[in-house]
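If you're matching them up, the sequences are chains G and F in order.
Last residue of the first sequence: number 143 in full-length UniProt numbering, and the count goes up by one each step with no gaps.
Last residue of the second sequence: number 955 in full-length UniProt numbering, and the count goes up by one each step with no gaps.
For every residue, glycine included, the Cβ atom is placed at its ideal position computed from N, Cα and C.
Bear in mind that the values here come from a model prediction, so they are computed numbers and not experimental data.
Worksheet: the structure to be examined is printed underneath.
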Amino acid sequence: MYIRFILIQNRAGKTRLAKWYMQFDDDEKQKLIEEVHAVVTVRDAKHTNFVEFRNFKIIYRRYAGLYFCICVDVTDNNLAYLEGIHNFVEVLNEYFHNVCELDLVFNFYKVYTVVDEMFLAGEIRETSQTKVLKQLLMLQSLE
Amino acid sequence: MPAVSKGDGMRGLAVFISDIRNCKSKEAEIKRINKELANIRSKFKGDKALDGYSKKKYVCKLLFIFLLGHDIDFGHMEAVNLLSSNKYTEKQIGYLFISVLVNSNSELIRLINNAIKNDLSSRNPTFMCLALHCIANVGSREMAEAFAGEIPRILVAGDTMDSVKQSAALCLLRLYKTSPDLVLMGEWTSRVVHLLNDQHMGVVTAAISLITCLSQKNPDEFKTCVSLAVSRLSRIVSSASTDLQDYTYYFVPAPWLSCKLLRLLQCYPPPEDGAVKGRLVECLETILNKAQEPPKSKKVQHSNAKNAILFEAIALIIHYDSEPNLLVRACNQLGQFLQHRETNLRYLALESMCTLASSEFSHEAVKTHIETVINALKTERDVSVRQRAADLLYAMCDRSNAKQIVAEMLSYLETADYSIREEMVLKVAILAEKYAVDYSWYVDTILNLIRIAGDYVSEEVWYRVIQIVINRDDVQGYAAKTVFEALQAPACHENMVKVGGYILGEFGNLIAGDPRSSPLVQFNLLHSKFHLCSVPTRALLLSAYIKFINLFPETKSTIQEVLRCDSQIRNSDVELQQRAVEYLKLSSIASTDVLATVLEEMPPFPERESSILAKLKKKKGPGAVSAGELEEGKREGGEVNGWEVNQQKSEPSQENASSLTTSPSPTPTAMHLSLTSFFFPSSLSQSTPSPSADLLGLRSAAPVSAAPVSAGSLLVDVFSEAGPAASTAGVNDDGFLRFVCKNNGVLFENQLLQIGIKSEYRQNLGRMYLFYGNKTSVQFVSFSTTLKPVDPLVEGGAQVQQVINIECLSDFSDAPLLNIKFRYGGALQNLSLKLPVTINKFFQPTEMSSHDFFQRWKQLSQPQQEAQKIFKANHPMDTEVLKAKLLGLGTALLDNVDPNPENFVCAGVIQTKAQQIGCLLRLEPNAQAQMYRLTLRSSKDTVAKRLCELLSEQF
């Protein structure tokens, strides 16, 4: 009952963020990344935002050319995670002022900080955008 | 708010990333990376000490290179050094590097833990969070050992900052998941639970995940969380959309926290305290009410957040399964969603309704949506939505709508996606069997399945139809006629050929009167398919042919000719060759009597759980099929263990096996052996892994007389229906009584020995297979039983087998005794058991009308002809289970005979060599008193008495 991994990928399958909450070895991670890409990119807007994946499910949402995917247990609450993604995206958007794919590339190490503020140990840690942004700005001001 | 500029702070990193992005080819990228790696290496090795900034920059570059998918074999030390920097940005990069490239290099772990320790005690909340996040991300055992004691203290300390509490709670959760033995909550429990009351919603959001996980493992210790969670939930649910400020998301107050609270409550039964319960029901009603209110925003975020809570609330209502009103309201709400324009909602409504369908309170309400669901199956664009629709149809199916649902599923199958066909086939097969009122409908359905989706019809499915046809003589003629017609199709699926071969071989005589399906026509039809079939099917057909010789002597010469031709008798496949040779010989040397005995119609299959259901369950994962369904599945029919070919050598003894395959004219012993294999290929044979083994519910790794195999699971797996209860069985009589209504299972088990039984009965004859399994790793010596000589050495982990034939001469009460002696490590073991042979094993079921039943009942009205007992129920009074047991008894279970539908009546005739003894049974359950009244009437007083004794222990 927790997030197994969070992936941000572009349409070409390049990974922009991979955050793992379960032990996988490197080969397995690569395989998962490829499988998720294959499963998610074939779906269109009329499809649901959920897709069964091995013994889990992927909750995903597409923003421009980026797919934000969260892998959870089949019994987990789909809509809560779907909005969890959106909440995360809104924070990124605010933090990077109109976030685009390149922001995630050049500031990859900051994206990890944003993730850790909002999701930790595979669980939702903080949901208030105000609180998260305040904390991020405070960190930003530190040397 | 200042935007973050590209790679601000680390120009060198930004330049490097740009360079990589500008590389035109993979080779160029690798070249650039190697150049950078060389540069970094030289910096790290250089004489000049690097300042913190440069170290941070290079470590960050290494991390980037690693994330691109390249190996990094240095830089760990520099990253660890960054941890002790007192600058946030340097520390952060250090921790990030460690978190991403975890390495259980012991030297480093010590250094890392040291740095973490310093940060945890720094009282600087930013540093504390970094350290906690690192532990939460890595979660190694070493870290748990070092910090599992410290973190709970940080979590509950009064002066800990909120953000640190949030991180500490989840950090602890991670450690608890990886090393539960090291995280001891004990004294902290109550203070952790009280975090649910924390003023800071973020702290509650984080802490509740920890509490939920701990509650699942130690529900009693944490049960005070229920009332706290209810009051927290109640405050959120009743707050206005703006009350919670930061925690309001698109006008929905604290959606994630609400979901988590509702999920925590699902770890517990409904609250016992009336006030708490009342408050919770109120919350759930409010949530359902809000779903009906007009939306406060048109944004999808608003409705998603609102519905996330709604679905979680419905999950809780279903979990409680005790509030009919809420269940029906939930069902109505989901019904609205079934037609919603959002695909997500339609999907989730179908999914959620599936669980509602299994509640007795909402089953009927779910059924009213059948047309919508069927429509979804036909029109949804997303296959996963169609799949959920199929699941729901399966879940809402009962006797009243089975024909409609099965028909819709069959028609959907014609166009169904390949990915879900197999599952659909299993579902149709199960529903068709479960709700078959007339078995001709069942046979039609299964044959249709094979026709439409033959490739997806697994062995379990076609075995099952054969089992059922064999066990029900009212459908045999129809089945023969129908397969005969199906086989007329120019191209028919191989599975159809298998079913056709089997059924015509057994029951072809039932349609042979019609000149259009005369014996020769039947044979020619089957044989026209022969050459296109695979080896196992051909072997099955050969068996059908020899059965034909017995059924229809006029086909003998034609069939012998076929068997005699080179392509059979010299077939390169051993199994085919062996069958051809043996059948040919059998048909030419055996007298008609012998032939008739050997090739007699298959006896009915013993009852056991439908293997199809087990397969579906396996496919869908645990929890997919409810326990109730499994119970219902335990009905009639057993396994087709007779006909299909196993391709391995199938004799109990190795020497005979080899002589059989090479000798062109089989000796009588060999013949006997091969016939054994004819009927019981994989259960009796020493199996190499074979698909057919699954059919019997036997793991392929369960050899019968095999060499030592790891003990443990070996025997437990042999009898699929001997569940955990059976394997921990006590001694002697207990085991015996469990076999009154079933034929297979574990008779006895202790630390040394397990005795399994498989038996079958026909009229006054029976055959019992006893399997003695040595559970130890040491051999048993001087092993002997009173039944028959047996190999005196039983190796550790091995199993020996005995077959005994049983004939019932006249009625009896006492069971035969079995004595077993053996030496284990010098000590003599002596064991005495009752063999589970009871008079009811020789029942022939007798169907009769209500009128006939009562007429005979009255005829048996002398006092000594009746035995009656009133007794308390020892098991839950589940109708399906009762039915299964009564069928297992061997009698016919008569519907619509007793005016009270709660009662069961059965009829049967016991076959002994001396006489036939008619028996009538009536079982009257009283659910309120949890009592039964059992009445037996029989033409023989001792029989009525004995049956009454045996049966009164069964319910």
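Within chain G, the C-beta atoms nearer than 7 Å to that of Cys60 of chain F come from Tyr109, in chain order. Identification of chain F residues near Gly84 of chain G by a Cβ-Cβ cut-off of 8 Å yields Trp256, ordered along the chain.
For Lys46 of chain G, the nearest CB of chain F lies under 8 Å from its own CB, placing it at the interface with that chain. Under a criterion of Cβ atoms nearer than 7 Å, the residues of chain G adjacent to Ala305 of chain F are, in order, Glu83.
Taken atom to atom, the span from the alpha-carbon of Leu92 of chain G to that of Val99 of chain G is near 6 Å.
Look at Glu52 of chain G: its C-beta is under 8 Å from a C-beta on chain F. The alpha-carbon of Gln404 of chain F is positioned some 13 Å away from that of Thr372 of chain F. Of all alpha-carbon atoms in F:Ser591, F:Asn81 and F:Asn805, the one lying nearest the alpha-carbon of Asp51 of chain F is that of F:Asn81.
Residues of chain F whose Cβ lies closer than 8 Å to the Cβ of Asn93 of chain G do not exist, since the nearest Cβ in that chain is about 11 Å away. Contact of Ser297 of chain F with chain G is not assigned, every C-beta pair being separated by 8 Å or more. Secondary structure in the region 358-400 of chain F: the alpha helix (DSSP H) runs of 4 residues or longer, each lying completely within the stretch, are 363-367, 370-379 and 383-396 in chain order. For the pair Arg191 of chain F and Ile17 of chain F, the Cα-to-Cα distance works out to about 48 Å.
When DSSP reads this structure, Asn819 of chain F sits in a beta bridge with F:Ser832. Comparing C-alpha distances from Asp159 of chain F to each of F:Phe361, F:Lys223, F:Arg123 and F:Phe66 shows the shortest one belongs to F:Arg123. In this structure, Val115 of chain G and Ile6 of chain G form a Cβ contact; the two beta carbons are roughly 7 Å apart against a cut-off of 8 Å. Here Tyr769 of chain F is bridged, per DSSP, to F:Lys758 and F:Val803. Ile870 of chain F is classed as exposed because its beta carbon has fewer than 16 other beta carbons within 10 Å across all chains shown. At a Cβ-Cβ threshold of 8 Å, Lys498 of chain F and Leu540 of chain F count as neighbours.
Taking a 10 Å sphere around the C-beta of Ala914 of chain F, we find fewer than 16 other C-beta atoms and assign the residue as exposed.
Close to Phe311 of chain F, with beta-carbon spacing below 8 Å, are these residues of chain G in chain order: Asn77, Asn78 and Leu79. Residue pairing from DSSP leaves Gln954 of chain F without any beta-bridge partner. The residue from G:Val74, G:Glu35 and G:Arg125 with its alpha-carbon nearest to that of Thr15 of chain G is G:Glu35. Taking C-beta atoms under 8 Å as the contact rule, Ile468 of chain F and Tyr502 of chain F fail to qualify, at a distance of about 12 Å. Partner residues in the beta bridge of Pro253 of chain F, as assigned by DSSP, are F:Thr248. The contact set of Lys131 of chain G on chain F, defined by CB atoms closer than 7 Å, consists of Gly202 and Asp246 in chain order. In the structure shown, Ser782 of chain F adopts extended strand secondary structure according to DSSP, grouped into three states. Between Asp417 of chain F and chain G, the shortest Cβ-Cβ separation is not below 8 Å.
Within the model, the alpha-carbon separation for Leu244 of chain F versus Leu280 of chain F is close to 20 Å. Interface residue (Cβ-Cβ distance to chain F less than 8 Å): Tyr67 of chain G is not classified as such.
Proximity of chain F to Asp116 of chain G at the Cβ level (cut-off 7 Å) is accounted for by His133, in chain order. A direct Cα-to-Cα measurement between Cys71 of chain G and Ser303 of chain F gives close to 22 Å. Distances from the CA of Lys758 of chain F to each of F:Gln801, F:Pro789, F:Gly796 and F:Pro792 were compared; the closest alpha carbon is that of F:Gln801. One thing to note: Ile806 of chain F has its Cβ within 8 Å of the Cβ of Met768 of chain F. In chain order, His47 and Thr48 make up the part of chain G whose C-beta sits under 9 Å from the C-beta of Val385 of chain F. Secondary structure at Cys129 of chain F: helix, using DSSP grouped into helix, strand and coil. As the crow flies, the alpha-carbon of Leu356 of chain F is around 41 Å from that of Leu133 of chain G.
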